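J.: This structure is in structure tokens; I'll ask about it shortly.
There are 2 protein chains.
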Amino acid sequence: MADQPSTARALNRKELTRAILEQGRAQLAAVGPGELSLRAVARDLGMASSAVYRYFPSRDHLITALLIECYDESGAAVEAADDGVPKQRYRKRWLAMSGALRAWAKQNFFEYALLYGSPVPGYAAPQDTIGPAQRVPFRLLGLMADVEAAGITMAPHQSRLSRAARSSFAPIGEIVPGIGDERMVGALTAWATLLGAITLELFGHLEQGVLDHDAHFSAMMDRIADDLGLP
Amino acid sequence: MADQPSTARALNRKELTRAILEQGRAQLAAVGPGELSLRAVARDLGMASSAVYRYFPSRDHLITALLIECYDESGAAVEAADDGVPKQRYRKRWLAMSGALRAWAKQNFFEYALLYGSPVPGYAAPQDTIGPAQRVPFRLLGLMADVEAAGITMAPHQSRLSRAARSSFAPIGEIVPGIGDERMVGALTAWATLLGAITLELFGHLEQGVLDHDAHFSAMMDRIADDLGLP
DNA sequence: GAAAAGCAAGAGCACTGCTCTCGTTTCTGG
DNA sequence: CCAGAAACGAGAGCAGTGCTCTTGCTTTTC
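These protein sequence lines map, in sequence, to chains A and B. To convert, take the position in the first sequence, counting from 1, and add 56; that gives the numbering used here. To convert, take the position in the second sequence, counting from 1, and add 56; that gives the numbering used here.
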């Protein structure tokens, strides 16, 4: 992987792999995962369907590759949004990131469904995907760490955190240190709300009740920002 | 639909329709939507695949029927949980309802995926489904109306609701009246959080970070209850 | 009792993921 | 430089899918 392809064949292989992935992405954007047809990809590329199997040993492997690509793309969108806001404007950073993820999801409906919708048939996402998948939540946690480092306190909550809940996110605390338990729960709740809000909107569950999706999303994200104590 | 089946044939038709639905449900629980095979259902019932089309004109119609069944089932579970708690124990009612939906989702993974995961291929859920689909959110809104009627106030929020956001859920306000704008946004946010939390957990997005899913879910729901000002 | 409607079954179409084989091309080691 | 090995593209084929159409049979209805 590290060395560049020297031979013409290896170069051609990289190129074709990329072309298949690209065509697969186009297919995905058009018909959604589950309907993604390996044969159709091969057809559009003018090659035999069996030839595709030289590059991706199965349909699931293709989907996994697309999964990684989409995680990276949405993660990059969120990171770019975060980077576009001054570091101290914490609330604005949250609003920018959440808005960016929603915008990406709306522009890439099926891709969002692939990432955060029902998991495909029986296959468990392999280890390769967890890295890219964590880009978005890690950025959110980074914001929390920044807020915490700035000494900004949260409004106290009525209910106490159980010991089990506290120790539950120890793995996260090791990777992104410096976040208090209360704020950690707040951040994870915010993440759930964000994904839930986008999912409800995109998958049509708000169709009967909410008229202005933009305003509604903004209102919810503002509320979350209040809850997180973001100034 | 209202009159009972008089003829033997009509009775047989009702029975067979039910059997197909039941077998489809079994299939669904085993392999998930998208993999639900009409031929397999027919095989298990010992009938020709073409015969099933006398009862369900297409695979999507079968899925729609299952969709309604599952919405009703989950809605009934949430309602039962709500009814099991004294009306004035508002916080407990919220925790019971959210816990019940999560429990149902965990026990009916693919069914939950069918309801709240990626929408199936190209088909838009027909009008028949929206009624059953609204049972859960309506129950949550009912709780909010009860709280509001009891004169319980919410902790004031920092950010103001935009005019667009306020008027956005006018359709809901007509069906479930007596809920203030602030609490309405809070309730819809709570709904998003609930669905997001269950989705993240069930679809494996918490696998790398959270150890104790029960405790984590409880902590988030407690937090939401605080936010909603539930005593 | 005859006509009409509902029904089950089978064949068939077009499609899918995937495997295997068969020539061909390209790379590599002596 | 050239033979063996590895990679490759194409095609046929298998088992499966949703769905349609035709063919007989049964039940209902007039």
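Note that CB positions come from ideal geometry on N, CA and C, so glycine has one too. Computed from a predicted structure; not experimentally measured.
#1: The alpha helix (DSSP H) spanning N68/B covers which residue range?
#2: So the candidates are I208/B, S114/B, L171/B; which of them puts its Cα closest to the Cα of R321/B?
#3: I'd like to know if L217/B contacts chain A, where contact means its C-beta is closer than 7 Å to some C-beta of that chain.
#4: How far does the alpha helix (DSSP H) with F166/B in it extend, from its first residue to its last?
#5: Looking at S174/A and A169/B, is the spacing between their C-beta atoms short of 7 Å?
#6: 7 Å is my cut-off, CB to CB: does M276/A come that close to chain B?
#7: Listed from N- to C-terminal order along the chain, which residues in the segment 249–260 of chain A have their beta-carbon within a distance smaller than 8 Å of any beta-carbon of chain B?
#8: Mark Q83/A as exposed unless 16 or more other C-beta atoms lie within 10 angstroms of its C-beta, in which case mark it buried.
#9: Which of the three DSSP states is assigned to G90/B in this structure?
#10: Label D184/A either buried or exposed according to how many other C-beta atoms from any shown protein chain fall within 10 Å of its C-beta, with 16 as the threshold for buried.
#11: Given a cut-off of 7 Å, decide if Q264/B and I186/A are closer than it, judged by their beta-carbon atoms.
#12: So, is L284/B buried or exposed, given that buried needs 16 or more other C-beta atoms within 10 angstroms?
#13: Distance check for A107/A and M57/A, CA to CA, integer angstroms please.
#14: If you pair each beta-carbon of the segment 237–255 of chain A with each one of the segment 245–261 of chain B, do three or more pairs fall below 8 Å?
#15: Can you tell me where the alpha helix (DSSP H) with F273/A in it begins and where it stops?
#16: Would the beta-carbon of W160/B fall within 7 Å of that of S130/B?
#17: For P287/B, which of helix, strand or coil comes out of DSSP?
#18: Note down, in chain order, each residue of its chain lying with its Cβ closer than 7 Å to the Cβ of P287/A, except the 5 sequence neighbours on either side.
#19: Using a beta-carbon distance cut-off of less than 7 Å, what residues from the segment 101–130 of chain A approach chain B?
#20: On the CB-based measure, 16 or more other CB atoms within 10 Å of its CB, does L258/A come out buried or exposed?
#21: Closer than 7 Å by C-beta to D278/A: which residues in its own chain qualify, once you throw out the five before and the five after it? Chain order, please.
#22: Does the beta-carbon distance from Y127/B to P227/B come in below 7 Å?
#23: Buried or exposed for L67/B, going by 16 or more other Cβ atoms inside 10 Å?
#24: Suppose only complete runs of 4+ residues qualify. What are the alpha helix (DSSP H) ranges in the segment 86–142 of chain B, listed by chain order?
#25: Could you tell me which of A221/B, M276/B, L72/B sits nearest to R222/A, measuring between CA atoms?
T.: Short version:
#1: 64–87
#2: Residue coverage of chain B in this structure runs from 57 to 287, which leaves residue 321/B outside it and unanswerable.
#3: yes
#4: 165–172
#5: Between A169/B and S174/A, the CB-CB gap stays under 7 Å.
#6: yes
#7: T249, L250, L251, G252, A253, T255, L256, F259, G260
#8: buried
#9: coil
#10: exposed
#11: yes
#12: buried
#13: Here the model assigns M57/A a pLDDT of 41, short of 50, so the residue's position is not dependable, and the following value carries that caveat. So the alpha carbons of these two residues sit roughly 22 Å apart.
#14: Judged by Cβ distances under 8 Å, the segment 237–255 of chain A makes contact with the segment 245–261 of chain B, as three or more pairs qualify.
#15: 269–284
#16: yes
#17: Correct three-state label for P287/B: coil.
#18: Here P287/A has Y146, R147, I208 as same chain residues with Cβ atoms under 7 Å from its own Cβ, once five neighbours each way along the sequence are excluded.
#19: Only those residues of the segment 101–130 of chain A whose C-beta falls short of 7 Å from the nearest C-beta of chain B would be listed, and there are none.
#20: buried
#21: none
#22: no
#23: exposed
#24: The segment 86–142 of chain B is shown to contain whole alpha helix (DSSP H) runs of 4 or more residues at 94–101, 105–108, 115–139, in chain order.
#25: M276/B
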